[in-house]
Amino acid sequence: MASNSKRLAAIAFALASLGACTTVPRSAGADRWLLTGTQLYVAPDQPPLANAWLVVNGGKIEAVGTAAPPAGIRNEAACTGGVIAAGFQNSHVHFVDDKFGGAATRAAGELEQGLTQMLTRFGYTTVVDTGSMLADTAALRQRIASGDVRGPRILTAGSPLYPHQGIPVYLKDLPPEILRQLAQPATAEAAVAHIRANIAAGADGTKLFVASPMGRGEIRRMDPQIARASAEETHRLGGLVMVHPTDPEGIRAAVAAGADIIVHTTIDPPGSAWSPQLVSEMVARKVSVVPTLQLWRYELDKARVPGEVRERIVALAERQLKAFADAGGQVLFGTDVGYMTEFDPASEYTLMARAGLTPMQILASLTTAPAARWRQEALRGRLQPGMAADLVVLNGDPAVDVKRFGDVKCTIASGRLIFQQ
Numbered sequence: 258m259a260s261n262s263k264r265l266a267a268i269a270f271a272l273a274s275l276g277a278c279t280t281v282p283r284s285a286g287a288d289r290w291l292l293t294g295t296q297l298y299v300a301p302d303q304p305p306l307a308n309a310w311l312v313v314n315g316g317k318i319e320a321v322g323t324a325a326p327p328a329g330i331r332n333e334a335a336c337t338g339g340v341i342a343a344g345f346q347n348s349h350v351h352f353v354d355d356k357f358g359g360a361a362t363r364a365a366g367e368l369e370q371g372l373t374q375m376l377t378r379f380g381y382t383t384v385v386d387t388g389s390m391l392a393d394t395a396a397l398r399q400r401i402a403s404g405d406v407r408g409p410r411i412l413t414a415g416s417p418l419y420p421h422q423g424i425p426v427y428l429k430d431l432p433p434e435i436l437r438q439l440a441q442p443a444t445a446e447a448a449v450a451h452i453r454a455n456i457a458a459g460a461d462g463t464k465l466f467v468a469s470p471m472g473r474g475e476i477r478r479m480d481p482q483i484a485r486a487s488a489e490e491t492h493r494l495g496g497l498v499m500v501h502p503t504d505p506e507g508i509r510a511a512v513a514a515g516a517d518i519i520v521h522t523t524i525d526p527p528g529s530a531w532s533p534q535l536v537s538e539m540v541a542r543k544v545s546v547v548p549t550l551q552l553w554r555y556e557l558d559k560a561r562v563p564g565e566v567r568e569r570i571v572a573l574a575e576r577q578l579k580a581f582a583d584a585g586g587q588v589l590f591g592t593d594v595g596y597m598t599e600f601d602p603a604s605e606y607t608l609m610a611r612a613g614l615t616p617m618q619i620l621a622s623l624t625t626a627p628a629a630r631w632r633q634e635a636l637r638g639r640l641q642p643g644m645a646a647d648l649v650v651l652n653g654d655p656a657v658d659v660k661r662f663g664d665v666k667c668t669i670a671s672g673r674l675i676f677q678q
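Below, the structure is given as structure tokens:
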């Protein structure tokens with residue numbers, strides 16, 4: 258349904274696979290300083306602390322407390338007085354926009370402007386790029402890690418794998434020389450070779466299109482042996498397997514192959530649903546789901562689907578999310594921003610709440626759940642001594658209104674201010 262409307266952006270995505278905000282003063286980020294707030298969420302599974310404070314030292318949290326803060330420590334005045342939580346992770350983004358091209362040599366200010374517009378002003382201190390030009394994304398990540406560019410921690414899948422002769426219909430008009438370079442392995446050996454090269458070049462995992470829409474209702478599916486070999490090699494090399502499923506059958510194929518993360522709910526074919534048995538198997542095999550509910554509204558609006566029809570379709574994806582979460586499945590927040598040019602995530606929070614997730618479940622999808630999924634729960638996701646000082650300061654309490662998750666006063670990554678409202 259959304260194929261035609263996605264065509265132009267998908268072309269940009271495939272090309273990338275190959276190849277208005279306040280300026281924040283730079284700070285060393287390694288000194289000792291104090292942040293105070295009206296409320297502090299240590300973690301989603303703990304009650305918030307009122308009139309709380311935390312001390313940051315050398316990019317890590319030194320102490321957390323309430324009542325009178327320690328004296329004699331520099332106060333981060335610009336970020337004082339809000340609701341403090343662990344920094345957020347967006348688990349589905351794309352660095353395919355031209356503003357991130359040539360990241361190795363592009364001016365730091367230009368890169369920061371793009372990062373602020375798309376990510377840091379919404380509290381993201383970690384993001385997962387699920388498909389981009391790996392050389393540029395790796396360069397951007399290195400410049401952020403070095404302190405040259407203010408931005409979030411980046412995890413990336415690099416360049417995806419498609420089914421053999423299974424380039425999606427919305428990519429078919431690409432020039433032949435580009436189409437020939439898109440990975441669509443015919444054998445497990447070819448898939449493994451691509452994965453080894455991708456991870457050696459800096460990818461943190463593998464993105465598989467287990468099902469590609471070919472037009473006129475046809476879906477080309479990845480050979481199960483290729484999908485399974487791809488997952489096994491990715492795991493052997495220490496990475497995670499992310500899967501674009503397209504439909505419920507794609508979900509089943511992803512689970513059978515050994516996927517770690519399903520990067521979308523599904524709205525195709527119309528009226529399809531995830532069976533209780535499928536949901537149960539996903540949970541049993543510890544498969545995480547990134548709902549991307551906002552994306553469906555975005556695509557259906559572009560396709561000029563009537564509003565009442567659009568809402569019925571989106572409600573199907575909401576029911577998938579509710580069934581998965583109610584069964585104990587791990588939900589990871591993500592929006593597909595970068596492909597989707599609607600940057601503000603407020604609608605995603607509203608749709609997740611409408612699906613039945615509580616504010617603390619949404620907070621977990623932003624913090625503790627992705628940290629655990631990426632085996633970094635000892636480093637981030639909670640506001641406790643010894644953890645990375647990845648922080649977001651909100652202007653209001655998201656427990657009262659989930660849209661407050663997107664109302665960000667300050668974003669701090671490893672003790673460094675990367676966005677100030």
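Note that the working numbering has the sequence shown beginning at 258, numbered continuously upward. Using N, Cα and C, we set each Cβ at its ideal position, and we do this for glycine too. Remember, it's a predicted structure, so these values are computed and weren't measured experimentally.
Cα separation between residue i and residue j?
i: Gly496; j: Gly474; result: 33 Å
i: Ala440; j: Val321; result: 48 Å
i: Leu412; j: Ala402; result: 12 Å
i: Lys660; j: Gln618; result: 14 Å
i: Leu620; j: Gly663; result: 12 Å
i: Arg407; j: Asp601; result: 20 Å
i: Thr444; j: Ala488; result: 14 Å
i: Pro548; j: Gly338; result: 32 Å
i: Tyr298; j: Ile476; result: 45 Å
i: Arg561; j: Arg554; result: 10 Å
i: Leu291; j: Cys667; result: 14 Å
i: Gln370; j: Phe357; result: 10 Å
i: Asp504; j: Gln303; result: 36 Å
i: Thr625; j: Pro533; result: 26 Å
i: Val375; j: Glu434; result: Here residue 375 turns out to be Met, not Val, going by the sequence shown. Using only the alpha carbons, I get a separation of about 31 Å.
i: Leu494; j: Gln399; result: 21 Å
i: Ile524; j: Val571; result: 7 Å
Which residue marks the beginning of the beta strand (DSSP E) containing residue i, and which one marks its end?
i: Ile411; result: 410-413
i: Leu291; result: 289-297
i: Val498; result: 497-501
i: Glu599; result: Glu599 -> no beta strand (DSSP E), and no H or E assigned at all.
i: Asn314; result: 306-314
Please list the terminal residues of the continuous alpha helix (DSSP H) segment that includes residue i.
i: Met471; result: Where Met471 is concerned, there is no enclosing alpha helix (DSSP H), although the beta strand (DSSP E) it sits in stretches over 468-472.
i: Asp386; result: No alpha helix (DSSP H) contains Asp386, which is instead part of the beta strand (DSSP E) from 381-386.
i: Thr362; result: Premise fails: Thr362 is in no alpha helix (DSSP H) and is neither H nor E.
i: Val512; result: 505-514
Please state whether DSSP places residue i in a helix, a strand or coil.
i: Val340; result: strand
i: Val665; result: strand
i: Ile519; result: strand
i: Trp553; result: helix
i: Ala539; result: One point to set straight first is that residue 539 is Met, not Ala, in the sequence displayed. Helix.
i: Met479; result: coil
i: Phe676; result: strand
i: Ile424; result: coil
i: His351; result: coil
i: Ser545; result: strand
i: Leu465; result: strand
i: Ala603; result: helix
i: Phe590; result: coil
i: Lys317; result: strand
i: Ala645; result: strand
i: Gly528; result: coil
i: Asn652; result: coil
i: Arg576; result: helix
i: Gly459; result: coil
i: Gly322; result: strand
i: Leu376; result: coil
i: Gln346; result: strand
i: Ala679; result: This structure leaves residue 679 out entirely; the chain is present only between 258 and 678.
i: Val614; result: According to the sequence displayed, residue 614 carries Leu and not Val. Coil, per DSSP.
With distances taken Cα to Cα, identify the nearest neighbour of residue i among the options.
i: Ile452; options: Gly329, Arg363, Thr607, Ala484; result: Ala484
i: Leu623; options: Arg611, Leu608, Trp531, Arg639; result: Arg639
i: Gln641; options: Ala342, Gly380, Thr295; result: Ala342
i: Arg410; options: Ser348, Thr463, Gly423; result: Ser348
i: Gly529; options: Gln678, Gly388, Ala574; result: According to the sequence provided, residue 529 is Ser. The question's Gly does not apply to it. The candidate whose alpha carbon is nearest that of Ser529 is Ala574.
i: Lys543; options: Ala580, Val512, Asp393, Pro304; result: Val512
i: Arg630; options: Gln587, Pro420, Val594; result: Gln587
i: Glu599; options: Cys336, Leu550, Val665; result: Leu550
i: Gln438; options: Leu397, Gln399, Met390, Ser469; result: Met390
i: Val665; options: Ile330, Tyr381, Ala361; result: Tyr381
i: Val536; options: His492, His501, Ala582; result: Ala582
i: Glu446; options: Arg478, Met479, Ala486, Gln633; result: Ala486
i: Pro616; options: Pro305, Arg289, Asp288; result: Pro305
i: Val594; options: Cys336, Pro301, Phe379, Lys317; result: Phe379
i: Pro470; options: Ala300, Pro526, Gly564, Gln346; result: Pro526
Below 8 Å on the Cβ atoms is my contact criterion, and I expect residue i with residue j to pass it. Report the Cβ-Cβ distance as a whole number of Å.
i: Asp654; j: Ser671; result: Wrong, their Cβ atoms sit about 25 Å apart, outside the cutoff.
i: Gly462; j: Ala395; result: About 14 Å separates the two Cβ atoms, so there is no contact after all.
i: His244; j: Thr387; result: With the chain represented from 258 up to 678, any question about residue 244 goes unanswered, as that position is not in the structure.
i: Leu557; j: Arg567; result: 4 Å
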